[in-house]
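Residue numbers (my numbering): 186 to 537.
Ideal Cβ placement from N, Cα and C applies to all residues, glycine included.
Input: a single structure, listed below in C-alpha coordinates.
So, in C-alpha coordinates, the structure goes:
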(Lines of atoms letter the chains of each structure in order from A and count residues from 1; the text may use other names and numbers.)
(Lines give C-alpha, C1' and ligand atoms only; values in the text may rest on other atoms or scores of the structure.)
Protein backbone atom coordinates (compact mmCIF):
# COMPACT_ATOMS: atom_id res chain seq x y z
CA UNK A 1 0.00 0.00 0.00
CA UNK A 2 1.34 3.46 -0.85
CA UNK A 3 2.21 5.51 2.19
CA UNK A 4 -0.24 8.21 1.14
CA UNK A 5 -3.04 5.67 1.38
CA UNK A 6 -1.67 4.34 4.66
CA UNK A 7 -1.64 7.82 6.13
CA UNK A 8 -5.18 8.41 4.95
CA UNK A 9 -6.28 5.19 6.59
CA UNK A 10 -4.59 6.14 9.85
CA UNK A 11 -6.27 9.52 10.06
CA UNK A 12 -9.63 8.08 9.17
CA UNK A 13 -10.70 8.76 5.61
CA UNK A 14 -13.81 6.61 5.52
CA UNK A 15 -13.09 4.74 2.31
CA UNK A 16 -9.79 3.31 3.56
CA UNK A 17 -10.71 2.70 7.19
CA UNK A 18 -14.15 1.28 6.47
CA UNK A 19 -12.76 -1.13 3.91
CA UNK A 20 -10.20 -2.37 6.44
CA UNK A 21 -12.65 -2.75 9.34
CA UNK A 22 -15.86 -3.79 7.56
CA UNK A 23 -17.44 -7.01 8.80
CA UNK A 24 -18.77 -9.33 6.09
CA UNK A 25 -22.33 -10.33 6.98
CA UNK A 26 -23.03 -12.35 3.82
CA UNK A 27 -20.77 -13.63 1.03
CA UNK A 28 -22.16 -16.35 -1.23
CA UNK A 29 -22.62 -16.98 -4.96
CA UNK A 30 -21.09 -13.61 -5.91
CA UNK A 31 -23.30 -11.58 -3.55
CA UNK A 32 -21.65 -9.77 -0.65
CA UNK A 33 -22.87 -7.56 2.20
CA UNK A 34 -20.52 -5.68 4.55
CA UNK A 35 -21.38 -3.60 7.59
CA UNK A 36 -19.03 -0.90 8.86
CA UNK A 37 -18.96 2.21 10.97
CA UNK A 38 -17.32 4.08 13.80
CA UNK A 39 -18.14 5.64 17.14
CA UNK A 40 -16.13 8.81 17.75
CA UNK A 41 -16.08 11.11 20.77
CA UNK A 42 -13.99 14.14 21.59
CA UNK A 43 -13.64 17.57 23.17
CA UNK A 44 -13.77 20.70 20.99
CA UNK A 45 -12.79 24.25 21.93
CA UNK A 46 -12.36 27.63 20.23
CA UNK A 47 -13.09 28.73 16.70
CA UNK A 48 -14.83 31.98 15.71
CA UNK A 49 -16.92 33.77 18.33
CA UNK A 50 -19.61 34.66 15.78
CA UNK A 51 -21.81 32.74 13.32
CA UNK A 52 -22.75 33.40 9.67
CA UNK A 53 -25.41 35.89 10.81
CA UNK A 54 -22.71 37.83 12.72
CA UNK A 55 -24.23 36.91 16.08
CA UNK A 56 -22.06 36.35 19.16
CA UNK A 57 -21.80 32.67 20.10
CA UNK A 58 -20.12 30.70 22.88
CA UNK A 59 -17.03 28.78 21.76
CA UNK A 60 -15.99 27.26 25.10
CA UNK A 61 -14.98 23.62 25.49
CA UNK A 62 -17.60 20.90 25.00
CA UNK A 63 -17.77 17.12 24.83
CA UNK A 64 -18.87 16.36 21.23
CA UNK A 65 -19.60 13.55 18.82
CA UNK A 66 -17.01 13.50 16.01
CA UNK A 67 -18.90 12.25 12.95
CA UNK A 68 -19.94 8.79 14.10
CA UNK A 69 -21.57 6.70 11.38
CA UNK A 70 -22.97 3.33 10.34
CA UNK A 71 -22.97 1.93 6.82
CA UNK A 72 -23.76 -0.98 4.54
CA UNK A 73 -21.76 -1.91 1.43
CA UNK A 74 -23.37 -4.29 -1.05
CA UNK A 75 -22.16 -5.94 -4.27
CA UNK A 76 -23.18 -8.66 -6.71
CA UNK A 77 -20.95 -10.16 -9.39
CA UNK A 78 -23.02 -10.08 -12.58
CA UNK A 79 -20.19 -11.44 -14.73
CA UNK A 80 -16.42 -11.71 -14.60
CA UNK A 81 -16.12 -8.07 -15.69
CA UNK A 82 -19.30 -6.50 -14.32
CA UNK A 83 -20.29 -5.89 -10.68
CA UNK A 84 -23.46 -4.25 -9.42
CA UNK A 85 -23.00 -2.38 -6.15
CA UNK A 86 -24.82 -0.28 -3.61
CA UNK A 87 -23.95 1.72 -0.54
CA UNK A 88 -26.01 3.12 2.30
CA UNK A 89 -24.56 5.13 5.16
CA UNK A 90 -26.12 7.00 8.08
CA UNK A 91 -24.60 9.57 10.40
CA UNK A 92 -25.62 9.80 14.04
CA UNK A 93 -24.60 12.04 16.93
CA UNK A 94 -23.59 10.00 19.95
CA UNK A 95 -23.92 12.77 22.54
CA UNK A 96 -26.82 14.49 24.28
CA UNK A 97 -27.67 16.66 21.28
CA UNK A 98 -29.35 13.81 19.43
CA UNK A 99 -30.48 11.19 21.94
CA UNK A 100 -34.15 11.60 21.02
CA UNK A 101 -33.86 11.08 17.27
CA UNK A 102 -31.12 8.51 16.60
CA UNK A 103 -29.77 8.85 13.05
CA UNK A 104 -29.69 12.44 11.82
CA UNK A 105 -28.40 12.18 8.24
CA UNK A 106 -28.31 9.79 5.29
CA UNK A 107 -24.74 10.50 4.26
CA UNK A 108 -24.46 8.12 1.31
CA UNK A 109 -27.10 6.22 -0.66
CA UNK A 110 -26.25 5.19 -4.21
CA UNK A 111 -26.14 2.26 -6.63
CA UNK A 112 -24.05 1.57 -9.71
CA UNK A 113 -22.22 -0.75 -12.08
CA UNK A 114 -18.45 -1.31 -12.16
CA UNK A 115 -16.47 -2.78 -15.03
CA UNK A 116 -12.70 -3.25 -15.16
CA UNK A 117 -12.89 -2.69 -18.91
CA UNK A 118 -15.45 0.10 -19.27
CA UNK A 119 -15.31 1.98 -15.97
CA UNK A 120 -17.83 2.80 -13.23
CA UNK A 121 -21.26 4.44 -13.43
CA UNK A 122 -23.24 5.36 -10.32
CA UNK A 123 -26.27 7.39 -9.31
CA UNK A 124 -27.76 8.70 -6.09
CA UNK A 125 -26.32 10.50 -3.07
CA UNK A 126 -22.52 10.38 -2.93
CA UNK A 127 -19.38 12.47 -2.35
CA UNK A 128 -18.38 14.73 -5.22
CA UNK A 129 -16.03 13.25 -7.79
CA UNK A 130 -14.06 16.52 -7.69
CA UNK A 131 -13.19 15.77 -4.08
CA UNK A 132 -12.43 12.10 -4.77
CA UNK A 133 -10.12 12.76 -7.73
CA UNK A 134 -8.75 16.31 -7.23
CA UNK A 135 -8.86 17.79 -3.70
CA UNK A 136 -8.49 14.49 -1.81
CA UNK A 137 -4.73 14.90 -1.03
CA UNK A 138 -5.65 17.81 1.28
CA UNK A 139 -8.78 16.20 2.75
CA UNK A 140 -6.85 14.60 5.62
CA UNK A 141 -8.44 16.17 8.71
CA UNK A 142 -11.18 14.63 10.82
CA UNK A 143 -12.91 17.97 11.34
CA UNK A 144 -11.65 21.40 10.23
CA UNK A 145 -8.59 22.20 8.16
CA UNK A 146 -9.56 21.77 4.49
CA UNK A 147 -9.72 25.10 2.63
CA UNK A 148 -10.21 23.53 -0.81
CA UNK A 149 -13.63 22.29 -1.93
CA UNK A 150 -14.70 19.15 -0.08
CA UNK A 151 -17.02 16.20 -0.59
CA UNK A 152 -20.42 18.02 -0.59
CA UNK A 153 -19.40 20.35 -3.45
CA UNK A 154 -22.29 20.39 -5.96
CA UNK A 155 -23.00 16.78 -5.01
CA UNK A 156 -24.96 14.69 -2.51
CA UNK A 157 -28.31 13.57 -3.88
CA UNK A 158 -29.84 13.64 -7.37
CA UNK A 159 -26.42 12.99 -8.90
CA UNK A 160 -25.08 10.67 -11.57
CA UNK A 161 -21.43 10.11 -12.36
CA UNK A 162 -18.98 8.12 -14.43
CA UNK A 163 -15.24 7.53 -14.20
CA UNK A 164 -13.00 5.50 -16.46
CA UNK A 165 -10.87 2.53 -15.45
CA UNK A 166 -7.19 3.19 -14.86
CA UNK A 167 -5.72 4.04 -18.28
CA UNK A 168 -1.96 3.82 -17.75
CA UNK A 169 -2.25 6.02 -14.67
CA UNK A 170 -5.00 8.32 -15.97
CA UNK A 171 -8.61 8.37 -14.74
CA UNK A 172 -11.17 10.75 -16.24
CA UNK A 173 -14.43 11.59 -14.45
CA UNK A 174 -17.71 13.40 -15.06
CA UNK A 175 -20.59 14.07 -12.66
CA UNK A 176 -23.94 15.85 -13.02
CA UNK A 177 -25.97 17.16 -10.07
CA UNK A 178 -29.63 18.02 -10.76
CA UNK A 179 -31.48 20.69 -8.77
CA UNK A 180 -35.21 20.26 -9.28
CA UNK A 181 -38.32 22.20 -8.28
CA UNK A 182 -40.68 19.28 -8.80
CA UNK A 183 -43.55 19.45 -6.32
CA UNK A 184 -43.07 23.13 -5.50
CA UNK A 185 -46.04 25.48 -5.84
CA UNK A 186 -45.48 27.62 -8.94
CA UNK A 187 -44.81 31.22 -7.96
CA UNK A 188 -44.41 30.35 -4.27
CA UNK A 189 -41.79 27.68 -3.65
CA UNK A 190 -40.06 27.98 -7.01
CA UNK A 191 -37.10 30.19 -7.86
CA UNK A 192 -36.26 32.23 -10.92
CA UNK A 193 -33.62 29.64 -11.86
CA UNK A 194 -35.89 26.67 -12.56
CA UNK A 195 -34.32 23.27 -13.06
CA UNK A 196 -30.50 23.45 -12.87
CA UNK A 197 -27.80 20.90 -13.75
CA UNK A 198 -24.32 21.40 -12.27
CA UNK A 199 -21.56 19.46 -14.05
CA UNK A 200 -18.10 18.71 -12.71
CA UNK A 201 -15.29 16.78 -14.30
CA UNK A 202 -11.60 16.39 -14.87
CA UNK A 203 -8.74 13.94 -14.92
CA UNK A 204 -6.39 12.44 -12.35
CA UNK A 205 -2.97 10.92 -12.97
CA UNK A 206 -1.60 8.54 -10.34
CA UNK A 207 1.55 6.56 -11.05
CA UNK A 208 4.28 5.54 -8.63
CA UNK A 209 4.86 8.25 -6.01
CA UNK A 210 3.12 10.99 -8.01
CA UNK A 211 -0.57 11.95 -8.00
CA UNK A 212 -2.12 15.04 -9.60
CA UNK A 213 -5.72 15.99 -10.34
CA UNK A 214 -7.09 18.71 -12.60
CA UNK A 215 -10.81 19.45 -12.43
CA UNK A 216 -13.65 21.91 -12.76
CA UNK A 217 -17.01 22.48 -11.05
CA UNK A 218 -19.87 24.58 -12.38
CA UNK A 219 -20.46 26.23 -8.98
CA UNK A 220 -24.13 27.08 -9.41
CA UNK A 221 -25.95 29.32 -6.94
CA UNK A 222 -28.52 26.64 -6.11
CA UNK A 223 -25.71 24.52 -4.67
CA UNK A 224 -24.10 27.26 -2.60
CA UNK A 225 -21.76 28.66 -5.26
CA UNK A 226 -21.73 32.05 -6.94
CA UNK A 227 -22.66 30.90 -10.45
CA UNK A 228 -19.09 30.84 -11.80
CA UNK A 229 -16.76 28.01 -12.79
CA UNK A 230 -14.37 26.67 -10.16
CA UNK A 231 -11.04 25.14 -11.24
CA UNK A 232 -8.49 23.18 -9.25
CA UNK A 233 -5.04 21.71 -9.79
CA UNK A 234 -3.90 19.64 -6.80
CA UNK A 235 -1.18 17.03 -6.43
CA UNK A 236 0.85 14.96 -3.99
CA UNK A 237 4.28 13.33 -4.09
CA UNK A 238 5.61 10.50 -1.90
CA UNK A 239 9.11 11.72 -1.13
CA UNK A 240 9.83 8.46 0.70
CA UNK A 241 7.98 5.70 2.53
CA UNK A 242 7.17 8.05 5.43
CA UNK A 243 6.68 11.54 4.04
CA UNK A 244 4.16 12.81 1.47
CA UNK A 245 4.14 16.44 0.30
CA UNK A 246 1.13 18.13 -1.34
CA UNK A 247 0.55 21.33 -3.28
CA UNK A 248 -2.64 22.77 -4.70
CA UNK A 249 -4.37 25.74 -6.29
CA UNK A 250 -8.08 26.57 -6.64
CA UNK A 251 -9.74 29.56 -8.26
CA UNK A 252 -13.22 30.90 -8.90
CA UNK A 253 -14.07 34.16 -10.69
CA UNK A 254 -16.18 36.94 -9.24
CA UNK A 255 -19.82 37.01 -10.26
CA UNK A 256 -20.92 40.41 -11.60
CA UNK A 257 -23.47 40.84 -8.78
CA UNK A 258 -22.50 38.37 -6.03
CA UNK A 259 -18.72 38.59 -6.18
CA UNK A 260 -17.42 35.71 -3.99
CA UNK A 261 -14.48 34.87 -6.23
CA UNK A 262 -11.22 33.63 -4.75
CA UNK A 263 -7.74 32.27 -5.32
CA UNK A 264 -6.47 29.67 -2.85
CA UNK A 265 -3.01 28.16 -2.58
CA UNK A 266 -2.27 25.21 -0.30
CA UNK A 267 0.96 23.55 0.82
CA UNK A 268 1.22 20.66 3.25
CA UNK A 269 2.46 17.23 4.12
CA UNK A 270 1.86 14.01 6.02
CA UNK A 271 4.52 12.12 8.00
CA UNK A 272 3.98 8.56 9.23
CA UNK A 273 6.12 6.47 11.56
CA UNK A 274 4.92 3.23 13.07
CA UNK A 275 1.44 3.80 14.56
CA UNK A 276 1.82 7.60 14.36
CA UNK A 277 0.74 10.03 11.64
CA UNK A 278 1.15 13.82 11.54
CA UNK A 279 -0.39 16.44 9.23
CA UNK A 280 0.59 20.06 8.61
CA UNK A 281 -1.03 22.38 6.05
CA UNK A 282 -0.77 26.07 5.22
CA UNK A 283 -3.16 28.03 2.97
CA UNK A 284 -3.22 31.47 1.44
CA UNK A 285 -6.85 32.37 0.73
CA UNK A 286 -7.36 35.52 -1.33
CA UNK A 287 -11.05 36.50 -1.71
CA UNK A 288 -11.19 38.82 -4.69
CA UNK A 289 -11.85 42.37 -3.58
CA UNK A 290 -11.21 41.56 0.10
CA UNK A 291 -8.23 41.10 2.40
CA UNK A 292 -6.42 37.79 2.05
CA UNK A 293 -6.00 35.44 4.99
CA UNK A 294 -3.47 32.78 5.98
CA UNK A 295 -5.02 29.63 7.42
CA UNK A 296 -3.20 26.66 8.91
CA UNK A 297 -3.96 23.26 10.42
CA UNK A 298 -2.03 20.64 12.37
CA UNK A 299 -2.99 17.10 13.32
CA UNK A 300 -1.51 14.12 15.16
CA UNK A 301 -2.96 10.59 15.20
CA UNK A 302 -2.03 7.41 17.05
CA UNK A 303 -3.38 3.98 16.15
CA UNK A 304 -3.73 2.08 19.42
CA UNK A 305 -4.99 -1.00 17.57
CA UNK A 306 -6.47 -1.86 14.20
CA UNK A 307 -9.87 -0.76 15.54
CA UNK A 308 -9.03 2.10 17.91
CA UNK A 309 -7.21 5.41 17.43
CA UNK A 310 -6.77 8.71 19.27
CA UNK A 311 -6.23 12.13 17.69
CA UNK A 312 -5.63 15.83 18.23
CA UNK A 313 -6.19 18.60 15.66
CA UNK A 314 -5.63 22.37 15.68
CA UNK A 315 -6.96 24.82 13.10
CA UNK A 316 -6.84 28.59 12.64
CA UNK A 317 -8.92 30.02 9.81
CA UNK A 318 -7.53 33.58 10.22
CA UNK A 319 -10.98 35.19 10.01
CA UNK A 320 -11.26 38.89 10.75
CA UNK A 321 -12.75 40.10 14.02
CA UNK A 322 -16.03 42.05 13.81
CA UNK A 323 -18.31 44.21 15.98
CA UNK A 324 -21.55 42.49 17.00
CA UNK A 325 -24.61 43.79 18.85
CA UNK A 326 -25.57 41.97 22.06
CA UNK A 327 -28.93 42.42 23.76
CA UNK A 328 -32.00 44.37 22.64
CA UNK A 329 -34.11 47.45 23.25
CA UNK A 330 -32.34 49.95 25.50
CA UNK A 331 -29.71 47.38 26.52
CA UNK A 332 -27.79 46.87 23.29
CA UNK A 333 -24.03 46.57 23.69
CA UNK A 334 -21.51 46.43 20.88
CA UNK A 335 -18.78 43.88 21.47
CA UNK A 336 -15.73 42.87 19.48
CA UNK A 337 -16.07 39.23 18.40
CA UNK A 338 -12.86 37.39 17.54
CA UNK A 339 -12.92 35.41 14.32
CA UNK A 340 -9.35 34.27 14.82
CA UNK A 341 -9.60 32.06 17.91
CA UNK A 342 -7.67 28.83 17.45
CA UNK A 343 -9.94 25.79 17.19
CA UNK A 344 -8.79 22.48 18.64
CA UNK A 345 -10.29 19.02 18.83
CA UNK A 346 -9.07 15.91 20.60
CA UNK A 347 -10.67 12.54 21.07
CA UNK A 348 -10.82 8.86 20.18
CA UNK A 349 -12.58 6.62 17.67
CA UNK A 350 -13.56 2.95 17.56
CA UNK A 351 -13.92 1.50 14.05
CA UNK A 352 -15.94 -1.60 13.24
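Chain D contact for residue 210 (CB, 7 Å cutoff): Looking for chain D here will not work: only one protein chain is present.
Opening and closing residue of the beta strand (DSSP E) in which residue 490 lies: Premise fails: residue 490 is in no beta strand (DSSP E) and is neither H nor E.
DSSP three-state assignment for residue 408, whether helix, strand or coil: helix
Test item: CB-CB of residue 315 and residue 354 under 7 Å: no
Member of 344, 336, 359 whose CA lies at the smallest distance from the CA of residue 295: Per the Cα distances, 344.
Spatial neighbours of residue 218 in its chain, beta-carbon cut-off 6 Å, leaving aside the 5 residues before and after: 210, 211, 259
Beta-carbon gap between residue 534 and residue 225 smaller than 7 Å: yes
Of the listed residues 247, 274, 526, 386, nearest to residue 255 (C-alpha basis): Comparing Cα positions, the closest option is 274.
Secondary structure of residue 245, DSSP reduced to three states: coil
Through-space distance from residue 403 to residue 479, alpha-carbon basis: Between residue 479 and residue 403, the C-alpha separation is close to 26 Å.
Close Cβ partners of residue 348 (< 8 Å) along its chain, the five nearest in sequence each way excluded: 304, 305, 314, 318, 356, 357, 358, 359
Supposed contact pair residue 482 and residue 329 - C-beta distance, whole angstroms, cut 8 Å: 7 Å
Through-space distance from residue 336 to residue 531, alpha-carbon basis: 23 Å
Which of helix, strand or coil DSSP assigns to residue 530: Assigned with DSSP and collapsed to three states, residue 530 falls in strand.
Coarse secondary structure for residue 321, derived from DSSP in three states: The answer is helix: DSSP assigns residue 321 an H, G or I state.
Presumed contact (8 Å Cβ cut-off) between residue 310 and residue 276, rounded CB distance: At roughly 12 Å, the Cβ-Cβ gap does not stay under 8 Å, so residue 310 and residue 276 are not in contact.
C-beta atoms of residue 527 and residue 501 nearer than 7 Å: yes
Local Cβ density within 10 Å of residue 323, reported as buried at 16 or more and exposed below that: buried
Reference residue 278, options 300, 263, 249, closest by Cα: 249
Distance, residue 221 Cα to residue 440 Cα: Cα-Cα distance, rounded: 42 Å.
Rounded distance between the beta-carbons of residue 362 and residue 339, thought under 8 Å: 5 Å
Residue 320 beta carbon less than 7 Å from that of residue 419: Yes, Cβ-Cβ distance for residue 419 and residue 320 is below 7 Å.
Residue 499 versus residue 398 - alpha carbon distance: 27 Å
Sub-7 Å separation of residue 504 and residue 233 beta-carbons: It is a contact, given that the beta carbons lie within the stated cut-off.
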